[in-house]
Amino acid sequence: MVMFSVQTHPVHQNFKQCVSFEFFEGMPHAKMVYTILCICFLYFMPLAIILVAYTRIIIEISKKSKETEGETAVC
Numbered sequence: 008m009v010m011f012s013v014q015t016h017p018v019h020q021n022f023k024q025c026v027s028f029e030f031f032e033g034m035p036h037a038k039m040v041y042t043i044l045c046i047c048f049l050y051f052m053p054l055a056i057i058l059v060a061y062t063r064i065i066i067e068i069s070k071k072s073k074e075t076e077g078e079t080a081v082c
């Protein structure tokens with residue numbers, strides 16, 4: 008599904024640009040759904056991936072520190 012349309016500038020007829028502001032006319036909930044999906048894919052998914060990655064790192068560090076906890080350092 009394409010969310011953009013090519014529009015011509017009202018004054019400068021040679022200037023064309025991809026815009027999304029007229030795409031959602033006649034579809035009242037489509038813009039809200041599009042915005043929510045953008046927020047989810049651009050914010051919440053990366054946040055979830057980062058949280059999972061850092062949680063796994065912390066768990067791994069915790070396991071390694073428990074394994075070496077009983078060992079004494081010889082200096």
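Those letters in the sequence shown? Residues 8 to 82, by my numbering.
C-beta: ideal position from N, C-alpha, C; glycine also.
About 6 Å separates the CB atoms of Ser12 and Phe30; that is less than 8 Å, so the two are in contact.
For Ser12, the three-state secondary structure derived from DSSP is strand. Per DSSP, the beta-bridge partners of Cys25 are Val13. C-alpha of Val59 to C-alpha of Ile68: approximately 14 Å in a straight line. In the DSSP assignment, Met34 falls outside any alpha helix (DSSP H), carrying neither H nor E.
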